[in-house]
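Undergrad: One structure is given below, represented as structure tokens, and several questions about it will come after.
Chains as they are written, first to last, in our numbering: chain A, 650 to 882; chain B, 4 to 219.
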């Protein structure tokens, strides 16, 4: 037990001592995950809304594929992205493997189905009802769209937070495409995995505390923005 | 402000609901649509409102038209927000003021609930809100799907009175789907009965509940 207590004590000291390596890793992790989530939100939100509301052939099959994609193991996505970006792969000429850009691509592929899927499900269930109501009350196209966004904004927030949570806490994909290179592609999760395997528990615990704090802060912000209400009713 | 259905046909997968239905829903009288479950009453009402498209045929009407369903969707916000919403739209802006909303809330007996989150209301209360939301902007054509299905007896009389008052105004068309034959009798000027016949629907029209006037 002593090594755990000692680990926590040293971890707290490490955080407050301003260790440059740890802070560099935190900044890189936040940058990669925020960029990947932003790109996924920009594409996934309109795509989810549109496909949820619109009737088209094979919509059920599309929904099944989308929901399956939401649960794809990160390691599989990492492997596919690594193959595509490898020197011999179709995108090898861009030399992106083992760079932060490769990690952004992998996390983007991981969270895009999550954002799209959450909004597809919500828009499919509620979107039509909202648009029908707007139509029957005499709203024009612009007003209908405004009402739809207002009614489903909690689902958008839920999608963003779920996607970011998944991106920041993911280890398999970034390990494969980033390579966990010190000072270049080392992320919080890969740092924890590495230090744990080396027996450097205090460093692992320090980073785990930071990850936990980030999760708590995100949750607090979400709670504040939704006024403490449920994301989806 | 009548609604005219010309050669309306609608089928869902293998079920033909109605075929080549033509009829005029006149203003100034309550048009009641009755029929068993699944015959297509709500579908007909939704086609008339423009929410659904018929497989063939067309619906023509002039003036503003609204539809309130039997399990209405409540917007985020309070009862007051929901009833105010139609008046905030570009189309109605400036037509009515806040006192109209308060009057409507008062008349529907929702005064005590006006600041309550609309999504937390009971089914009957939600229906009252939907009715208020449909009536507050005074549309020329009002399409109601079982407007009193979950509402207590004491309020039904009041709502029926409100609907009759609505019809007293010039050029107002009211179409109501109902399962309550007593209510139909109290309200009806024209009764439209949808019946299934040989896998097809016949829509009969009776005036003042007296005898069959028109078939198909």
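For each residue, glycine too, the CB sits at the ideal point set by N, CA and C.
The structure displayed is predicted, hence computed values, not measured ones.
From residue 806 of chain A to residue 195 of chain B, what distance separates their C-alpha atoms?
TA: In the first chain, residue 806 of chain A corresponds to position 157, counting from 1. In the second chain, residue 195 of chain B corresponds to position 192, counting from 1. Straight-line Cα distance between these residues: approximately 47 angstroms.
Undergrad: Does DSSP put residue 802 of chain A in a helix, a strand or coil?
TA: Residue numbering aside, residue 802 of chain A sits at position 153 when the first chain is read from its first letter. In this structure, residue 802 of chain A counts as helix in the three-state DSSP scheme.
Undergrad: Tell me, which residues are paired with residue 117 of chain B by DSSP?
TA: As a first step, residue 117 of chain B is located in the second chain; it is residue number 114 there, counting from the start. Per DSSP, none; premise fails for residue 117 of chain B.
Undergrad: Could you check whether residue 841 of chain A and residue 853 of chain A sit closer than 8 angstroms to each other, using their CB atoms as the reference points?
TA: To locate residue 853 of chain A, count along the first chain from 1; it is residue 204. To locate residue 841 of chain A, count along the first chain from 1; it is residue 192. In contact: residue 853 of chain A and residue 841 of chain A (Cβ atoms closer than 8 angstroms).
Undergrad: Taking the beta carbon of residue 140 of chain B as the centre, do at least 16 other beta carbons fall within 10 Å, making it buried, or is it exposed?
TA: Taking the first residue of the second chain as position 1, residue 140 of chain B is located at position 137. Buried.
Undergrad: Can residue 55 of chain B and residue 146 of chain B be called in contact, C-beta distance under 8 angstroms?
TA: By one-based count along the second chain, residue 55 of chain B stands at place 52. By one-based count along the second chain, residue 146 of chain B stands at place 143. Against a cut-off of 8 angstroms, the Cβ pair of residue 146 of chain B and residue 55 of chain B comes out as no contact.
Undergrad: Give me the Cα-Cα distance between residue 664 of chain A and residue 727 of chain A, rounded to the nearest whole angstrom.
TA: Residue numbering aside, residue 664 of chain A sits at position 15 when the first chain is read from its first letter. Residue numbering aside, residue 727 of chain A sits at position 78 when the first chain is read from its first letter. Spanning the two alpha carbons is a distance of roughly 30 angstroms.
Undergrad: Cutting at 6 angstroms between CB atoms, please list the residues of its own chain near residue 122 of chain B, excluding the five before and the five after it.
TA: Here residue 122 of chain B refers to the residue found at position 119 of the second chain. Around residue 122 of chain B: 77.
Undergrad: Taking Cβ positions, are residue 776 of chain A and residue 702 of chain A nearer each other than 8 angstroms?
TA: Position 127 of the first chain holds residue 776 of chain A. Position 53 of the first chain holds residue 702 of chain A. Result yes, Cβ atoms of residue 776 of chain A and residue 702 of chain A sit closer than 8 angstroms.
Undergrad: According to the Cβ coordinates, are residue 186 of chain B and residue 787 of chain A closer than 8 angstroms?
TA: If you number the second chain from 1, residue 186 of chain B lands on position 183. If you number the first chain from 1, residue 787 of chain A lands on position 138. Cβ distance not < 8 angstroms, so residue 186 of chain B and residue 787 of chain A don't count as in contact.
Undergrad: Could you check what DSSP says for residue 134 of chain B in three-state terms: helix, strand or coil?
TA: Here residue 134 of chain B is taken as the residue at index 131 of the second chain, counted from 1. Helix.
Undergrad: Spell out the partners DSSP gives residue 19 of chain B in its beta bridges.
TA: Residue numbering aside, residue 19 of chain B sits at position 16 when the second chain is read from its first letter. Per DSSP, B:14.
Undergrad: Helix, strand or coil, according to DSSP, for residue 196 of chain B in the structure here?
TA: By one-based count along the second chain, residue 196 of chain B stands at place 193. Reduced to three states, the DSSP call for residue 196 of chain B is strand.
Undergrad: Give me whichever residues DSSP pairs with residue 69 of chain B in a beta bridge.
TA: Position 66 of the second chain holds residue 69 of chain B. For residue 69 of chain B, which the question treats as bridged, DSSP gives the partners B:145.
Undergrad: Counting only beta-carbon atoms, is residue 788 of chain A nearer than 8 angstroms to chain B?
TA: As a working note, residue 788 of chain A is residue 139 in the first chain. Yes, its Cβ sits closer than 8 angstroms to a Cβ of chain B.
Undergrad: Helix, strand or coil for residue 56 of chain B? Go by DSSP, reduced to three states.
TA: Locating residue 56 of chain B in the second chain gives position 53, where the first residue counts as 1. Three-state result, residue 56 of chain B: coil.
Undergrad: 8 angstroms is my cut-off, CB to CB: does residue 51 of chain B come that close to chain A?
TA: Your numbering for residue 51 of chain B matches position 48 in the second chain. No - not a single Cβ of chain A is within 8 angstroms of the one on residue 51 of chain B.
Undergrad: Name the chain B residues that come within less than 9 angstroms of residue 705 of chain A, Cβ to Cβ?
TA: Counting from 1 along the first chain, the entry for residue 705 of chain A is found at position 56. In chain order: nothing, as chain B lies at least about 16 angstroms away.
Undergrad: If you follow the alpha helix (DSSP H) that residue 827 of chain A is part of, which residue opens it and which one closes it?
TA: Residue mapping note: residue 827 of chain A aligns to position 178 of the first chain, counting from 1. Its alpha helix (DSSP H) spans residues 821 to 827.
Undergrad: Note down the Cα distance separating residue 684 of chain A from residue 749 of chain A, rounded to an integer number of angstroms.
TA: Indexing the first chain from 1 puts residue 684 of chain A at position 35. Indexing the first chain from 1 puts residue 749 of chain A at position 100. Those two C-alpha atoms are separated by around 11 angstroms.
Undergrad: Leaving out five residues on either side along the sequence, give the residues of the same chain with a beta carbon under 7 angstroms from the beta carbon of residue 88 of chain B.
TA: Here the question's residue 88 of chain B lines up with position 85 in the second chain. So the qualifying residues of the chain are 78, 136.
Undergrad: In this structure, how does DSSP classify residue 25 of chain B when only helix, strand and coil are distinguished?
TA: For this step, residue 25 of chain B is matched to residue 22 along the second chain. Of the three classes helix, strand and coil, the one that applies to residue 25 of chain B here is strand, per DSSP.
Undergrad: Candidates A:874, A:850, A:865: which alpha carbon is nearest residue 657 of chain A's?
TA: Locating residue 657 of chain A in the first chain gives position 8, where the first residue counts as 1. Closest option to residue 657 of chain A, Cα to Cα, is A:850.
Undergrad: Using the three-state DSSP reduction, which class does residue 93 of chain B fall into: helix, strand or coil?
TA: What you label residue 93 of chain B is simply residue 90 of the second chain in a count that begins at 1. Three-state DSSP puts residue 93 of chain B in coil, outside helix and strand.
Undergrad: Okay, do the segment 148 to 158 of chain B and the segment 110 to 127 of chain B touch, 3+ Cβ pairs below 8 angstroms being the bar?
TA: Yes, they touch.
Undergrad: Buried or exposed: residue 8 of chain B, going by 16 or more other Cβ atoms within 10 Å of its Cβ?
TA: Counting from one through the second chain, the residue named residue 8 of chain B turns up at place 5. Per the 10 Å Cβ criterion, buried.
Undergrad: Taking residue 89 of chain B as the query, report the chain A residues whose CB atoms sit under 8 angstroms from its CB, ordered along the chain.
TA: Counting from one through the second chain, the residue named residue 89 of chain B turns up at place 86. Chain A residues near residue 89 of chain B: 786, 787.
Undergrad: For residue 771 of chain A, which of A:861, A:821, A:803, A:828 has the nearest alpha-carbon?
TA: Against the first chain, residue 771 of chain A aligns to sequence position 122. Of the listed residues, the one whose Cα sits closest to residue 771 of chain A is A:803.
Undergrad: Quickly, what does DSSP pair residue 33 of chain B with across the bridge? List them, please.
TA: For the purposes of this step, residue 33 of chain B is taken as the residue at position 30 of the second chain. According to DSSP, residue 33 of chain B bridges with B:177.
Undergrad: Are three or more beta carbon pairs between the segment 707 to 725 of chain A and the segment 815 to 829 of chain A nearer than 8 angstroms?
TA: In short, these stretches touch, since the Cβ pair count reaches three.
Undergrad: For the segment 859 to 868 of chain A against the segment 31 to 48 of chain B, do three or more pairs of beta-carbon atoms, one drawn from each stretch, fall closer than 8 angstroms, so that the two count as touching?
TA: No: fewer than three Cβ pairs fall under 8 angstroms.
Undergrad: To the nearest angstrom, how far is it from the Cα of residue 15 of chain B to the Cα of residue 41 of chain B?
TA: Residue numbering aside, residue 15 of chain B sits at position 12 when the second chain is read from its first letter. Residue numbering aside, residue 41 of chain B sits at position 38 when the second chain is read from its first letter. Taking the straight line from one Cα to the other gives about 11 angstroms.
Undergrad: For residue 129 of chain B, count neighbouring Cβ atoms within 10 angstroms of its own Cβ and tell me buried if that reaches 16, exposed if not.
TA: By one-based count along the second chain, residue 129 of chain B stands at place 126. Result: buried.
Undergrad: Give a yes or no on whether the C-beta atoms belonging to residue 712 of chain A and residue 769 of chain A are separated by under 8 angstroms.
TA: Here the question's residue 712 of chain A lines up with position 63 in the first chain. Here the question's residue 769 of chain A lines up with position 120 in the first chain. Yes.
Undergrad: For the segment 61 to 85 of chain B, enumerate the residues whose C-beta is nearer than 7 angstroms to any C-beta of chain A, in chain order.
TA: Flagged, chain order: 67, 69, 70, 76, 78, 79.
Undergrad: Any idea what DSSP makes of residue 122 of chain B, helix, strand or coil?
TA: Here residue 122 of chain B refers to the residue found at position 119 of the second chain. Correct three-state label for residue 122 of chain B: helix.
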